[in-house]
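Residue numbers (the numbering used here): 1029 to 1188. Single-structure report; data block below.
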């Protein structure tokens, strides 16, 4: 009897984690006022410790259902923490200021990197993916995991 109860509890926990993962990775259709459409699907988040705070990397799949090329500005994809502080994505290295989506094309793993102060992960974090569209990246629970400077950890759920 006890073994069956433990197995049922483990199955329930596994099912809840899968459902939470589906919420994070659910595709979102974005429409602009100008009529441009595109689809954003968050795939994974990675958080790392730096000497002055954190680096949050969001990997997303971007899809262009239009029969013409679409150009998105990386600066449109901002991050907001529970304090409503806004963070722009980095455009260093390979992250250019413009994201070019070919006609009816897909970018399988676009990276958005954000430099965050130490208190930014004490509550929920959302990413703006369109003019009026947001995706919750992290839930309200404070990030308490102790990371060393230069250490990174990845998540495919919002509860971290």
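The beta-carbon is built from N, C-alpha and C at its ideal position, and this holds for glycine as well.
Backbone CA spacing between residue i and residue j [nearest angstrom]
i	j	result
residue 1120	residue 1185	27 Å
residue 1187	residue 1164	10 Å
residue 1099	residue 1145	30 Å
residue 1101	residue 1118	12 Å
residue 1087	residue 1138	6 Å
residue 1103	residue 1115	9 Å
residue 1123	residue 1030	53 Å
residue 1174	residue 1097	43 Å
residue 1060	residue 1105	13 Å
Per-residue DSSP class, three states only, for residue i
i	result
residue 1089	strand
residue 1186	coil
residue 1101	strand
Residue i classed as buried or exposed, judged by whether at least 16 other C-beta atoms fall within 10 angstroms
i	result
residue 1092	buried
residue 1180	exposed
residue 1155	buried
residue 1126	exposed
residue 1166	buried
Reference residue i; option with closest CA among the options
i	options	result
residue 1054	1060, 1072, 1113 and 1081	1072
residue 1206	1056, 1126 and 1081	Since the first residue shown for the chain is 1029 and the last is 1188, residue 1206 is missing from the structure and cannot be characterised.
residue 1058	1173, 1158 and 1182	1158
residue 1177	1081, 1074, 1029 and 1068	1081
residue 1143	1083, 1109 and 1063	1083
Every unbroken alpha helix (DSSP H) inside the region 1130-1165 [4 residues or more] = For the region 1130-1165, not a single whole alpha helix (DSSP H) run of length 4 or above is found.
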